[in-house]
Amino acid sequence: MNMMTDTAAAAAATAAAEASPTVESSLTLRDEMLAAGLLIDTGENGLYGRSQIFEDVLEGLNTAITHLGRDQEPEVLRFPPAMRRTDFEDSEYLKSFPHLAGTIHSFCGNDMGHRRLLTALDDAMAERDDDRSDAWMEQQKPTRIVLTPAACYPIYPVMARRGALPAGGRTVDVLSYCFRHEPSLDPGRMQMFRMREYVRLGSPEQVMAFRQMWIERGSLLVKLLQLPVEIDLANDPFFGRGGKIVADSQRAQALKFELLIPVADPRGKTACLSFNYHMDHFGALWKIPCEDGAVAHTGCVGFGMERITLALFRHHGLDVNAWPDDVRALLWGDTGTRIAQAMQTMQAPAAAGDGA
Ligand code: ATP
Ligand code: ZN
1 MNMMTDTAAA
11 AAATAAAEAS
21 PTVESSLTLR
31 DEMLAAGLLI
41 DTGENGLYGR
51 SQIFEDVLEG
61 LNTAITHLGR
71 DQEPEVLRFP
81 PAMRRTDFED
91 SEYLKSFPHL
101 AGTIHSFCGN
111 DMGHRRLLTA
121 LDDAMAERDD
131 DRSDAWMEQQ
141 KPTRIVLTPA
151 ACYPIYPVMA
161 RRGALPAGGR
171 TVDVLSYCFR
181 HEPSLDPGRM
191 QMFRMREYVR
201 LGSPEQVMAF
211 RQMWIERGSL
221 LVKLLQLPVE
231 IDLANDPFFG
241 RGGKIVADSQ
251 RAQALKFELL
261 IPVADPRGKT
271 ACLSFNYHMD
281 HFGALWKIPC
291 EDGAVAHTGC
301 VGFGMERITL
311 ALFRHHGLDV
321 NAWPDDVRAL
331 LWGDTGTRIA
341 QAMQTMQAPA
351 AAGDGA
């Protein structure tokens, strides 16, 4: 995890690049994306603007994902990139990833507090950006909302309020900007990025079948995008000394798989899609019953929209006009037809064993 300032991080990266020539390529994709205007520098690591072309790619990808999940008839829900603080507290996210969470604070004081704030702000603004004090923020208080850490989080309390799931369970389609405090020079590791997810709530069998289906469909999409596919068990960065035990247990129980693609990190591949089985964790936390009264199991497939977009630029080049015709047609042509045909071909040999 990289918590350095821009200057320190750039210096460290240059030193690392000199020591190991492969590090250079990580800087190259970021530098190239910035130089081409595809990503726009804000001066803060992991916080970028996106150009029209970047968004066109991401939107094409989003459309392809919609077609890929259409036959599941998911309920489409969209939330702003924030959730209720109490729901976030209940989620136990802070047990595993306190270092990634982002909270929202606001000034809630009186005139005297406001004067203190402005005085502290004046002092801060006399300094250079990196040296500024954050003392003015002492006048702020936590609000009742926090930034969304993963797109599926806001939906569980909503589902719980509806009561028992129907017999077939539920499938939900979500897309949200998410926040994670992991400032990095790797453009694949942003602080704010979009996650598209399909979420399944139901019996263990329903959720396991869903996850297997999405491992296959996610791989299909990545193949259609002419990117390399590798599926592996995930290794999440759980916090603290107990974190390793939790990570080992996650692996031992095969709760999470990732689809890895070389993006910008020269030390390894980057997780661009993830396939999660939460067992009854969220169902129990938020009290979501199945139709028969058993605690609901849940799972989700997450598409890292910026990471897949970056992978396309990395593998097909910065000029989208020069991308392979089939990739362009998938993103901006007859997307639905192409996805339907590819799914038919994929399902043909496996249809007999499909018990979902
Ligand atoms: P990583 O292990 O690389 O930190 P993750 O396993 O924590 O990723 P998930 O929580 O599974 O990621 O999130 C779902 C998807 O969101 C990931 O598969 C990835 O594509 C994307 N994602 C996660 N973190 C980031 C990030 N910092 N920047 C951009 N995309 C991200
Ligand atoms: Zn999820």
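In this note's numbering, the protein residues as written are 1 to 356.
A virtual CB, placed ideally from N, CA and C, is assigned to each residue, including glycine.
Quick caveat, the model's predicted, so the values are computed rather than measured.
Host beta strand (DSSP E) of residue i (start-end)
i    : result
S176 : R170 to F179
R196 : M192 to G202
L47  : Neither: L47 is in no beta strand (DSSP E) and is coded neither H nor E.
A271 : T270 to M279
T103 : T103 to F107
L233 : I231 to L233
R144 : Q140 to L147
R78  : E75 to R78
K256 : K256 to I261
I40  : L39 to D41
Residue nearest to residue i in terms of C-alpha spacing, selected from the options
i    : options                   : result
R267 : N110, G188 and S106       : G188
F257 : Q212, H105 and L310       : Q212
V97  : F54, F239 and D232        : The question names Val, but residue 97 is Phe in the sequence shown. Of the listed residues, the one whose Cα sits closest to F97 is F239.
Y277 : V199, D248 and N321       : V199
S91  : E127, R328 and Y153       : Y153
R338 : T63, T143 and L34         : T63
M83  : L318, I308, V146 and Q253 : V146
A340 : A164, L220 and A35        : L220
I288 : E59, A164 and D56         : A164
H99  : P237, E59 and K244        : P237
Q72  : L201, F107, S106 and L185 : L201
V263 : L118, H316 and L61        : H316
F357 : D326, R314 and T335       : Outside the displayed span of the chain (1 to 356) sits residue 357, for which this structure offers no information.
P142 : G169, N110, I104 and L118 : I104
S184 : F303, D326, N45 and V327  : N45
P81  : T309, R196 and I215       : R196
T148 : L273, F79, M190 and V301  : F79
T86  : Y156, M33, Q52 and M125   : Y156
G102 : E230, F303, R144 and Q253 : R144
S249 : N235, L260, G169 and I261 : N235
Q206 : G299, D334, L34 and L47   : G299
K95  : G243, D334 and D129       : G243
I261 : H181, S203 and F303       : F303
R70  : D186, P204, R217 and Y48  : R217
A254 : K269, N110 and M279       : M279
Q226 : A329, R194, S203 and D334 : A329
R170 : I215, L47, D186 and S203  : S203
Span of the alpha helix (DSSP H), counted from its first residue to its last, around residue i
i    : result
P98  : Segment: none, P98 is in no alpha helix (DSSP H) and carries neither H nor E.
F88  : R85 to D90
F313 : M305 to H316
R115 : D111 to M125
D248 : G243 to A252
Y156 : I155 to R161
W332 : D325 to W332
Inter-residue spacing [alpha-carbon to alpha-carbon] between residue i and residue j
i    : j    : result
M192 : A150 : 11 Å
D41  : P324 : 28 Å
V76  : F88  : 21 Å
G296 : T66  : Correcting the residue identity first, residue 296 is Ala in this sequence and not Gly. Near 25 Å, if we compare the C-alpha coordinates of T66 and A296.
D232 : M112 : 56 Å
L224 : W332 : 13 Å
D122 : H114 : 12 Å
E127 : A120 : 12 Å
T28  : D292 : 55 Å
R30  : A167 : 48 Å
A322 : E306 : 20 Å
P228 : V222 : 7 Å
V172 : M346 : 23 Å
D131 : C108 : 26 Å
M343 : I245 : 39 Å
L61  : T309 : 8 Å
Q52  : C272 : 22 Å
V57  : A294 : 42 Å
A35  : S274 : 30 Å
M33  : V320 : 12 Å
D265 : H181 : 18 Å
V23  : Y93  : Because V23 carries a pLDDT of 40, less than 50, the predicted location of this residue cannot be relied on, and the following value inherits that uncertainty. If you take the alpha carbons of V23 and Y93, they lie about 32 Å apart.
C290 : P74  : 18 Å
L118 : A124 : 10 Å
L259 : R116 : 50 Å
K269 : N110 : 51 Å
A252 : L68  : 30 Å
Residue i Cβ short of 6 Å to ligand 4 heavy atom set
i    : result
E306 : This structure lacks ligand 4; the ligands present are ligand 1 and ligand 2.
**For review: beta carbons within less than 7 Å of any heavy atom in ligand 2** = A150, A151, C152, E197, V199, N276, C300 and G302
**Asked** Given 8 Å as the limit, is there contact between the region 157–174 and the region 277–296, that is, 3 or more CB pairs closer than that?
**Response** yes
**Prompt:** Taking one C-beta from the region 171–178 and one from the region 211–227 each time, how about it: are there three or more such pairs within less than 8 Å?
**Reply:** no
**the region 124–141 in contact with the region 31–41 per 3-pair CB rule at 8 Å** = no
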